[in-house]
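Asker:
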Amino acid sequence: MKGLAQFVTFDAEAFFAGKTLVVTKLEENTDYKTKVHLGTKVECVIIDDKTPYVFKEGNQFTNRYEKVTFKLEKDINIPLEAKVVPKGMKAKVYGEYRNLLSITCDDLVVVTPQPKTAAPIKREV
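The letter at position 28 of the sequence shown is residue 30 when you use my numbering, and the numbering goes up by one with no holes.
(1) Bridge partners for Leu-74 per DSSP, in chain order?
(2) Go through its chain and collect everything with a Cβ distance to Asp-51's Cβ below 6 Å, but skip five positions before and after it.
(3) If I follow the unbroken alpha helix (DSSP H) through Ala-19, where does it start and stop?
(4) Does the distance from the C-beta atom of Lys-43 to that of Glu-29 stay below 7 Å?
(5) Closest to Cys-107 by C-alpha separation, out of Val-113, Ala-93, Thr-32, Glu-98, would be which residue?
(6) Where does Leu-103 sit, in a helix, a strand or coil, going by DSSP?
(7) Between which residues of its own chain and Gly-90 is the CB-CB distance below 7 Å, once the five residues before and five after are set aside?
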């Protein structure tokens with residue numbers, strides 16, 4: 003049948019819900035055909051994957067250490083190694099084996115690390 007791909011949706015919010023993303027590279031996002039500047043592409047690596055996958059035939063897997071690229075239609079500057087959360091994602095699965103992901107998003111929000119609290123100092127009296 004033709005046109006089936008038009009009706010396949012990918013729940014990017016659910017897919018990324020259990021993952022921690024760290025920025026590894028920023029580069030220009032350009033239109034493939036015209037080469038016109040569109041914004042920024044941000045490459046991230048998944049450093050933690052707590053997504054509850056359904057395993058087939060007992061074959062377990064994770065997407066830990068996989069790379070993902072987010073295309074934004076604006077210029078942003080995020081420090082390398084910053085933890086980020088994507089906002090306003092639209093994603094499409096593609097490829098011969100349906101194992102590739104194209105993601106656009108409205109923004110990437112830097113997650114502020116929680117300060118580590120030191121143990122209280124015990125004073126001897």
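Even glycine gets a Cβ: it sits at the ideal position worked out from N, Cα and C.
Answerer: Inspection of the coordinates gives the following:
(1) Translated into positions along the sequence shown, residue 74 becomes position 72. Beta-bridge pairing by DSSP links Leu-74 to Thr-42.
(2) To locate residue 51, count along the sequence shown from 1; it is residue 49. These residues qualify, in order along the chain: Lys-21, Thr-64, Asn-65, Arg-66.
(3) Numbered from 1 along the sequence shown, position 17 holds the residue referred to as residue 19. Neither: Ala-19 is in no alpha helix (DSSP H) and is coded neither H nor E.
(4) The residue given as residue 43 occupies position 41 in the sequence shown. The residue given as residue 29 occupies position 27 in the sequence shown. Contact flag set, yes.
(5) For the purposes of this step, residue 107 is taken as the residue at position 105 of the sequence shown. With distances taken between Cα atoms, Cys-107 lies closest to Ala-93.
(6) As a position in the sequence shown, residue 103 is number 101, starting the count at 1. Of the three classes helix, strand and coil, the one that applies to Leu-103 here is strand, per DSSP.
(7) Counted from its first residue, the sequence shown places residue 90 at position 88. Within the same chain, Gly-90 has close Cβ partners Cys-107, Asp-108, Asp-109.
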